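These notes are about the structure you will find just below.
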Amino acid sequence: MTVDNNVAVSNGDPHVEELKREINRLKKEKGAVILAHYYQKGEIQDVADYIGDSLALAQIAEKIEEPVIVLCGVHFMGETAKILCPDKTVLVPDENAGCSLADSCDAEEFGKFVSAHPDHTVISYVNTSAAVKALTDVVVTSSNARDIVETFDKDAKIIFGPDRNLGGYINSITGREMLLWDGACHVHEQFSLEKIVELKKQYPEAKLLVHPECKRVIVMLADKVGSTAALLNYAKGSDAKQFIVATESGILHQMRKECPGKEFIAAPPVDSTCGCNDCNFMKLNTLEKLRDCLRDGKPEIHVDSDVARRARRPIERMLELSKK
Ligand code: 13P
Ligand code: SF4
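So, in structure tokens, the structure goes:
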């Protein structure tokens, strides 16, 4: 999704407005384009040139002409952009912005799992390190996982990693029996079934929007299961006026911006006091760090050239299979 910076929502805070002006100035000076994921802080989404889900960010990165890409998201998103655009400088505002799901799949261990099943095709979720992608036949995101899995025969032997929830969901809707890696996201596993049921009683007309990284019991209650972009599009197109949203809370910013007059209620985690429907990794990025990384040209993403060469093939295969 392209963003018109001139109509970016202003929160009126002079410090924030000054930072945004500086970021826009530096962006032009350095020949940079800012890509942001929907889980970024609202002020980062507002200053980005493009906002999107994981698939859109990869598709956009591939087409960027400017020499510098600033990826406001987490590390694997920066790596994917670098793998697709090896000649460009790819910057991330905070190099510690990792991903618990990607971390739940160590490349060496995954390699042993793959070697133990040599007759299996390996499908990996994009939330993985470049080293895991290098062991993969085709990468998927939550936007295209179902369609890509369905390009294989129903009885094809498939390993799916690392998200057991997304893999289990795809198995359930496609009738497959893919072998699942036992990984998960610490944010999406936290949503409380009991609290969502309570919310549904409180807002009986509300539609429940659920990301497929959530546990099966939550997914089963959903009116819509999908990637961040798919949930946003559903909310935009729906006649409903209220939505309970079971994914990272950053997406609410764009939902509220694009759906005036509709109400979005963040689904609570098990412990409502912990704020853990916020991804602590995504939220490491701030406007200050975005300004600094544009100014200083770091932190920069580097991927070992051999790993990048092997990881590029399954990413390109995904992009090819996702063309409409
Ligand atoms: P999307 O591909 O739906 O944007 O999700 C990315 C992600 O990290 C979910 O936790
Ligand atoms: Fe990773 Fe979960 Fe954060 Fe998404 S929300 S980036 S899967 S830790």
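In my numbering, the protein residues as written are 894 to 1217.
Glycine is no exception: its CB is placed at the ideal position from the N, C-alpha and C atoms.
This structure is a prediction, so every number in the text was calculated from the model and none was measured.
Taking a C-beta distance under 8 angstroms as the contact criterion, C965 and H930 qualify as a contact pair. Listed in chain order, the non-local C-beta contacts of G1061 below 8 angstroms within the same chain comprise L1073, R1109, local neighbours out to five positions each way being set aside.
Each residue's CA atom was taken as its position, placing A1201 and T1021 some 13 angstroms apart. The ligand SF4 never approaches L1102 closely enough for any of its heavy atoms to be under 7 angstroms from the residue's Cβ.
Inclusion of H930 in the 7 angstroms shell around the ligand 13P follows from its C-beta lying nearer than that to a non-hydrogen atom of the ligand. Assignment of alpha helix (DSSP H) within the segment 1135-1213, counting only whole runs of 4 or more residues, yields 1144-1151, 1180-1189 in chain order.
The C-beta of H1104 has 16 or more other C-beta atoms within 10 Å across all chains shown, which makes the residue buried. Annotation: the continuous alpha helix (DSSP H) that includes G1061 extends over 1057-1067. Taking a contact to require three or more Cβ pairs closer than 8 angstroms, the segment 1123-1133 and the segment 1073-1084 do not qualify as touching. For the pair A990 and F1174, the CB atoms are nearer than the 8 angstroms cut-off. Per the Cβ contact rule, the segment 1179-1189 is not in contact with the segment 999-1018 (fewer than 3 Cβ pairs under 8 angstroms). At the C-beta level, L1086 and F1136 stay beyond 8 angstroms of one another. Contact between L1177 and A1159 is absent: CB atoms are separated by about 20 angstroms, not below the 8 angstroms threshold.
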